[in-house]
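> Have a look at this one before I ask anything.
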Amino acid sequence: MILLISDLHLEEERPDITRAFLRFLQTRASQAEALYILGDFFEAWIGDDAMTPFQRGIAQALRQLSDSGTRIYLMHGNRDFLIGKGFCREAGCTLLPDPSRVELNGESVLLMHGDSLCTRDEAYMRLRRWLRNPISLFILRHLPLATRHKLARKLRKESRMQTRQKAAAITDVTPEEIPRILREQGVCTLIHGHTHRPAEHQLDLDGKAARRIVLGDWDQQGWALQVDQDGFRQTSFSLS
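The number in the numbering used here is simply the position in the sequence shown, starting from 1, with 280 added.
Rendered as structure tokens:
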């Protein structure tokens, strides 16, 4: 069994999500061969050198799961793209590039966070290109901690405000991007998060059956996609 989750947005202000996640690690995830976390694991991350006791506690919980035999893979999201090798070493997880092709149930599947598919949000795409530039990343990681905290608060505030103002179609994936990326990567299944719109979309890709599975976020409830001999199955569960 393999599990995939996304968009937990872990933060101290949401202890209900943290409790649910720790319970998830001790129960379902402990029975899994692998756990994939496809971005926005944390609500914000300003650098491995700024880890708080809360974040270290999450890393320790992941390390316990990893030490028990479950492989853990982590992908950057738009909220936590500064997670680096330090956290991954502490948590016992492997950092995946976005996108990544993996084998699930004998099928080649494409994993993404999903924000790079939202190309109609031109302002965000410009910001994303700047933030992910290696030079920008170097500068961000070497800013004073106080400056990074201030910048993170500013970006979060602006993101929330802009998301409320933008049309739903702009903050969702661009439909034309899906067949393009599937063809480019040579796969028929795409799994991503980011949009907080859990669903499975059936597609026709040049006469072949294809699908896009969107992972749910952990806000009102938790979501996990389970891959086993019965196929791909996403279910929700209570956070309490």
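C-beta atoms are modelled at their ideal positions from N, C-alpha and C, and glycine is treated no differently. Every value quoted in this text rests on a predicted model; they were computed, and no experiment measured them.
Sorted by chain position, which residues of the same chain lie with C-beta nearer than 8 Å to residue 230's C-beta, five sequence neighbours on each side aside?
Since the first and last residues shown for the chain are 281 and 520, residue 230 lies out of range.
> Do you know how far the Cα of residue 412 is from the Cα of residue 460?
Looking at the two C-alpha atoms, the distance is approximately 22 Å.
> Across which residues does DSSP place residue 475 in a beta bridge pair?
Residue 475 is not bridged to any residue.
> Please return the same chain residues whose Cβ sits closer than 7 Å to the Cβ of residue 422, not counting the five positions on each side in sequence.
Cβ neighbours of residue 422 beyond the five flanking positions: none.
> When the distance is taken between beta carbons, is residue 325 closer than 8 Å to residue 362?
Yes, Cβ-Cβ distance for residue 362 and residue 325 is below 8 Å.
> With C-beta atoms as the reference, is residue 491 less than 8 Å away from residue 500?
No, the Cβ-Cβ distance between residue 491 and residue 500 is not below 8 Å.
> What residue ranges within the segment 311-345 form continuous beta strand (DSSP E) runs of no fewer than 3 residues, ordered along the chain?
Runs of the beta strand (DSSP E) inside the segment 311-345: 314-318.
> Sorted by chain position, which residues of the same chain lie with C-beta nearer than 6 Å to residue 543's C-beta, five sequence neighbours on each side aside?
In the structure as shown, the chain begins at 281 and stops at 520. Residue 543 is therefore absent and cannot be evaluated.
> Could you tell me whether the segment 463-476 touches the segment 376-395, using the rule of 3 or more Cβ pairs below 8 Å?
Output reads yes: the segment 376-395 touches the segment 463-476.
> Pick from 505, 427, 511, 381: whose alpha carbon is nearest that of residue 466?
Of 505, 427, 511, 381, the residue nearest in Cα terms is 381.
> If residue 507 and residue 384 are in contact, beta carbons under 8 Å, what's the gap, nearest whole angstrom?
That pair is a contact at about 5 Å.
> Let me make sure I understand the geometry here. Which of 489, 285, 436 has the alpha-carbon closest to that of residue 468?
When each option's Cα is compared against that of residue 468, the closest is 489.
> Using only the alpha-carbon positions, how far apart do residue 437 and residue 484 sit?
Whole-angstrom Cα-Cα distance: 39 Å.
> Where DSSP assigns a beta bridge to residue 404, which residues make up the other side?
Paired residue(s): none; residue 404 is not in a bridge.
> Given that a residue counts as buried once 16 or more other Cβ atoms are within 10 Å of its Cβ, and exposed if not, what is residue 426?
With fewer than 16 other Cβ atoms within 10 Å, it is exposed.
> Just tell me which of 366, 397, 300 has its CA closest to the CA of residue 358.
The option with the nearest alpha carbon to residue 358 is 397.
> First and last residue of the beta strand (DSSP E) that includes residue 454?
It is not in any beta strand (DSSP E) - residue 454 carries neither H nor E in the DSSP assignment.
> Going by CA-CA distance only, name the one from 480, 286, 502 that's closest to residue 353.
Nearest C-alpha to residue 353: 286.
> Please classify residue 418: is it buried, with 16 or more other beta-carbons within 10 angstroms of its beta-carbon, or exposed?
Residue 418 should be labelled exposed.
> Since residue 481 sits in a beta bridge, which residues does DSSP pair it with?
In DSSP, residue 481 forms a bridge with 492.
> Please name the residue, chosen from 334, 346, 386, that lies closest to residue 368 on a Cα-to-Cα basis.
If we check each option's Cα against that of residue 368, 346 comes out closest.
> What is the rounded straight-line gap between the Cα of residue 477 and the Cα of residue 294?
Each residue's alpha carbon lies about 20 Å from the other.
> Hey, residue 372 and residue 400: beta-carbon distance below 8 Å or not?
In this structure, residue 400 does not lie closer than 8 Å to residue 372 by Cβ.
> Would you kindly check if the distance between the Cβ of residue 420 and the Cβ of residue 428 is under 8 Å?
Result yes, Cβ atoms of residue 428 and residue 420 sit closer than 8 Å.
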